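Asks:
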Amino acid sequence: MGVTNNLVSLIIGCVVVIGILKGVRVYECFIEGAKEGINICLNIFPYLLAMILAVAIIRESGLLDGVIKVLNKVTSIFNLPSEVLPLVLIKPLSGSGALGVFTDIIKSHGPDTYIGILASIIMGTTETIFYTISIYYGSVKIKKIRHTLWAAILADIVAIISAIYFTQLLLK
């Protein structure tokens with residue numbers, strides 16, 4: 712057993728012992744928490760399913776490839792290689808989809824190339840915007856997201872531009 716497993720077991724044990732010493736009905740509290748967790752999962756599931764389905768449709772329909780062809784002319788102005796463009800387009804929708812694209816980029820180009828380093832920085836600095844908004848706002852039944860989407864998109868754009876700049880700076 713590693714240090715992490717022992718530490719987690721120790722923390723859980725301490726929480727249980729402290730709860731018992733304070734007179735808390737630990738088992739009953741755990742069961743109530745588990746029930747609440749299941750209800751949250753049931754509330755979030757439709758939003759999660761919609762996002763997964765949307766990403767699958769975008770990838771399998773060829774829409775992503777068409778968008779990449781159109782945007783490739785624009786992104787070349789900003790020195791964003793076409794190989795990284797699928798990552799930029801999928802990441803706001805799906806973390807697991809982006810991880811798949813990222814893995815393909817690293818396998819094809821290697822981790823120490825301009826494309827590999829740029830993809831790594833983009834993967835680490837951008838957010839799954841639409842997934843996060845749909846899950847968090849959906850779970851608390853908020854329908855009007857106000858300025859959240861535009862602020863998140865702006866943050867991702869800044870992250871991508873910064874990734875391009877710093878990767879070029881790093882490799883000079």
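Whatever position you read off the sequence shown (first residue = 1), add 711 for our numbering.
All C-beta atoms in this analysis are idealised placements derived from N, C-alpha and C, irrespective of residue type, glycine included.
Given the structure is predicted, the values throughout are model-derived calculations rather than measurements.
(1) Count the other CB atoms within 10 Å of the CB of V766; is the residue buried (16 or more) or exposed (fewer)?
(2) Can you round the beta-carbon distance between L782 and L796 to whole angstroms, since I take them to be within the 8 angstroms contact cut?
(3) Could you tell me whether the segment 853-865 touches the segment 820-831, using the rule of 3 or more Cβ pairs below 8 angstroms?
(4) Of all the alpha helix (DSSP H) runs that stay within the bounds of the segment 802-868, which reach a length of 4 or more residues?
(5) So, under 8 angstroms CB-CB, I755 and I844 are touching, yes? Tell me the CB distance rounded to an integer number of Å.
(6) Can you give me the C-alpha to C-alpha distance between T786 and P792, rounded to a whole angstrom?
(7) Sort I801, I871 and V714 by Cα distance to I763 and report the nearest one.
Replies: According to the data block:
(1) Reading the sequence shown from its first residue, position 55 is the one you call residue 766. By the 10 Å Cβ count, V766 comes out buried.
(2) Numbered from 1 along the sequence shown, position 71 holds the residue referred to as residue 782. Numbered from 1 along the sequence shown, position 85 holds the residue referred to as residue 796. That pair is a contact at about 6 angstroms.
(3) Taking a contact to require three or more Cβ pairs closer than 8 angstroms, the segment 853-865 and the segment 820-831 do not qualify as touching.
(4) The qualifying runs are 806-820, 825-836 and 840-850.
(5) Counted from its first residue, the sequence shown places residue 755 at position 44. Counted from its first residue, the sequence shown places residue 844 at position 133. At roughly 12 angstroms, the Cβ-Cβ gap does not stay under 8 angstroms, so I755 and I844 are not in contact.
(6) Residue numbering aside, residue 786 sits at position 75 when the sequence shown is read from its first letter. Residue numbering aside, residue 792 sits at position 81 when the sequence shown is read from its first letter. T786 and P792: Cα-Cα distance of roughly 7 angstroms.
(7) On the sequence shown, residue 763 is found 52 positions in, with the first residue counted as 1. Here the closest residue by C-alpha is I801.
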